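The sequence shown lines up with residues 1 to 505 when you count with UniProt numbering.
Glycine included, each C-beta is placed from N, C-alpha and C at the ideal position.
It should be emphasised that the depicted structure is a prediction, and the values quoted were computed from it without experimental measurement.
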Amino acid sequence: MVLMDPVKVAEVAEWPTPKNKKEVQSFLGFTNFYRRFIRDFSHHARALLDLTAKDVAWTWGSAQQDAFDALKRAITFHPVLIFPDDDRPFRVEANSSDFATGTVLSQQSPEDEKWHPVVFYSKSLNTVERNYEIYDKEMLAIIRALEEWRHFLEGAPHKVDIYMDHKNLDFLTAKKLNWRQARWSLYLANFDFVLHHRLGRSMGKPDTLLRRPDHGDGSSNNADIVLLKPEFFAVRALQGLIAASEEDKILRDIWRGNHEGAQEDVVAKAAAALKSTCSRVRSVRSAEWSEDQGILMFQGRIYVPNIPELRRRIVEQHHDSRVAGHPGRWKTLELVSRSYWWPQMSRYIGSYTSTCDLCQRTKIRRQLPMGKLHPLPIPEGRWSVVSVDFIIELPEAHGYDAVMVVVDSVGKCAHFILMHTTCTALGAVNLYCKYVWKLHGLSDAFISDRGPQFVAEFTRELYRLLGIKLSTSTAYHPQSDGQTERVNQELAQYLRVFCNEWQDN
């Protein structure tokens with residue numbers, strides 16, 4: 001006897017018993033999408049439909065329970081659900097709310113040429129996911145569906161049609177993605193799909209799944225959590241700066257500089273034009289310029305008068321502090337630009353960072369290589385080729401004095417594994433298996449220097465048995481493994497900047 005997989009119908013089979021009219025309406029709204037596949041649907045649903053009438057008091061008895069169970073059984077058995085056919089196209093309908101995601105995998109039946117559900121899937125959002133922007137929540141619904149049904153959709157012979165009620169998912173094609181979106185884009189690259197927009201009222205199936213009563217409404221789960229987003233700090237310059245004494249002094253100096261006329265010509269003309277438009281109010285505003293309590297602002301950022309010492313103090317605050325971490329030119333510019341502006345600010349910050357004493361003494365100076373480049377072959381996929389190196393003889397901390405660095409040649413993801421300088425070839429193999437192999441599988445090739453852990457007889461025999469190609473760098477030429485050496489520099493630079501002079505912290 002052939003039966004439906006319980007996993008595929010669990011979202012409907014485990015639907016909790018309704019406790020009020022609203023929950024009954026939600027369940028009937030979901031079943032209504034499949035009523036054309038259910039014989040005598042109105043007869044089965046009559047007891048529940050009567051319960052939703054306006055003047056009918058709430059009562060849940062055996063008749064209502066029998067109707068509820070009958071509809072669940074009808075939806076979770078053929079011909080409503082169909083068995084998946086790998087040779088026919090799939091359709092994914094996904095939706096998200098503030099507290100859950102709901103998805104339905106459907107396929108066109110060869111018998112009646114209508115779209116039947118194959119699997120139902122819904123899942124609540126955790127406390128972190130509820131803080132996502134709406135477009136990230138919608139994309140999370142797609143990611144969950146692709147992860148749950150990867151064995152159906154990855155490598156499918158037809159394009160997978162994905163339907164959503166949110167239009168603004170083209171952010172994945174933007175040049176600048178956050179870490180979560182970048183990770184998702186890498187996973188989405190494994191699938192051949194097309195996104196389709198559909199009006200919200202047409203997305204009832206996944207929408208009803210995510211509104212199951214046991215998912216909750218999520219209305220008060222994050223009531224005590226305040227999410228601080230970067231844009232909160234971008235244009236609220238005055239409110240944020242008045243709090244601390246140093247910033248308060250900077251604001252006073254800015255106010256004094258504006259009244260003493262320490263402004264560039266273009267700024268002075270803009271300020272004069274701004275004041276002439278409305279001279280009787282305390283705060284005035286134009287398209288780009290505004291004035292608030294004597295502070296001149298350009299595009300919502302505080303204009304810093306042409307006072308060299310004042311501008312130096314502001315850049316120093318955003319570059320030299322432990323929070324900033326002595327970043328490069330463009331990162332420092334981004335930090336300063338959140339609250340301040342002045343003409344040719346980028347050139348000023350570039351000059352400051354290039355002459356910073358601590359940066360010059362601790363950071364690696366880089367220049368273009370001499371001669372022609374001889375790049376390594378491009379790997380076929382992520383973690384198919386990895387480069388490995390050691391940073392040894394570090395000051396001992398927590399019993400370790402070395403770091404094993406493993407870098408993926410495609411995705412540039414790096415693992416930093418604590419170890420000892422005296423680690424043997426067997427120890428290096430064990431560390432790799434424990435921290436890298438279990439996550440990414442066996443690679444096709446290794447790139448390393450000529451360290452004893454890599455060229456020992458034991459590791460060479462291991463590579464031969466596993467079918468791994470070992471590529472060692474030229475002696476005294478670390479550029480052959482430049483990728484790992486570059487990651488080593490970043491790690492060493494971070495440690496060098498923030499370790500004290502005794503190197504015991």
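What is the DSSP secondary structure of residue i, reduced to helix, strand or coil?
i, result
"H158", "coil"
"A428", "helix"
"A402", "strand"
"N95", "strand"
"L442", "coil"
"R496", "helix"
"A100", "strand"
"R301", "strand"
"I417", "strand"
"P452", "helix"
"T472", "strand"
"Q317", "helix"
"Y121", "strand"
"S185", "helix"
"Q107", "strand"
"L376", "coil"
"A397", "strand"
"I142", "helix"
"L51", "helix"
Leaving out five residues on either side along the sequence, give the residues of the same chain with a beta carbon under 8 Å from the beta carbon of residue i.
i, result
"S283", "Confidence is the limiting factor: at S283 the pLDDT is only 47, short of 50, which leaves the residue's position unreliable, though a coordinate-based value still follows. Excluding residues within five positions, the ones whose Cβ falls inside 8 Å are S290, E291, D292 and Q293."
"H398", "L418"
"residue 509", "Nothing can be reported for residue 509, as the shown portion of the chain is limited to 1 through 505."
"R313", "I250"
Whole angstroms is fine: what's the gap from residue i's alpha carbon to residue j's?
i, j, result
"L394", "V410", "29 Å"
"F90", "V315", "55 Å"
"M297", "N306", "14 Å"
"F120", "G328", "49 Å"
"Q453", "E461", "12 Å"
"V429", "E111", "56 Å"
"K469", "H196", "44 Å"
"V487", "D481", "11 Å"
"C359", "H326", "7 Å"
"I250", "E309", "11 Å"
"K54", "W60", "16 Å"
"S122", "L442", "34 Å"
"N32", "V407", "52 Å"
"E396", "R496", "14 Å"
"F498", "T355", "19 Å"
"E485", "H319", "26 Å"
"T459", "P377", "23 Å"
"W58", "L188", "47 Å"
"residue 507", "F193", "Only positions 1 to 505 of the chain appear in the structure, and residue 507 is not among them; the question remains open."
"E457", "D357", "47 Å"
"H440", "T17", "43 Å"
"A271", "S339", "19 Å"
"L426", "Y400", "17 Å"
"D248", "Q181", "38 Å"
"L140", "D85", "26 Å"
"E113", "Q107", "9 Å"
For residue i, which residues in the same chain have their Cβ closer than 6 Å to its Cβ, ignoring the five residues on either side in sequence?
i, result
"D352", "First, the amino acid is wrong: residue 352 is Tyr here, not Asp. If we look at Y352 and ignore the five residues flanking it on each side, its Cβ neighbours are V315."
"R311", "V304"
"Y463", "L470"
"P379", "V385, S409 and V410"
"D253", "L310"
"K137", "S96"
"A145", "V92, A94 and T103"
"E148", "Y121"
Just to check, is the beta-carbon of residue i closer than 7 Å to a non-hydrogen atom of the ligand FMN?
i, result
"L188", "In the structure on display, the ligand FMN does not appear, and there are no ligands present to speak of."
Would you please state the rounded distance, in angstroms, between the beta carbons of residue i and residue j? I believe it to be under 8 Å.
i, j, result
"V436", "H420", "Not confirmed; about 18 Å, so no contact."
"T332", "I349", "5 Å"
"Q489", "I364", "5 Å"
So, for residue i: in the same chain, excluding its five sequence neighbours on each side, which residues have a beta-carbon less than 7 Å away from its beta-carbon?
i, result
"Y303", "V267, L296, M297, W341 and W342"
"Q64", "A47, L48 and L51"
"R150", "none"
"R366", "none"
Taking 8 Å as the CB-CB cut-off, is residue i touching chain C?
i, result
"H440", "Among the chains of the structure shown, chain C does not appear; only one protein chain is present."
- For the segment 442-451 against the segment 387-403, are there 3 or more C-beta pairs whose distance is under 8 Å? Three or more Cβ pairs closer than 8 Å define a contact, and the segment 442-451 meets that threshold against the segment 387-403.
- Message: For the segment 125-134 against the segment 93-108, do three or more pairs of beta-carbon atoms, one drawn from each stretch, fall closer than 8 Å, so that the two count as touching?
- Response: yes
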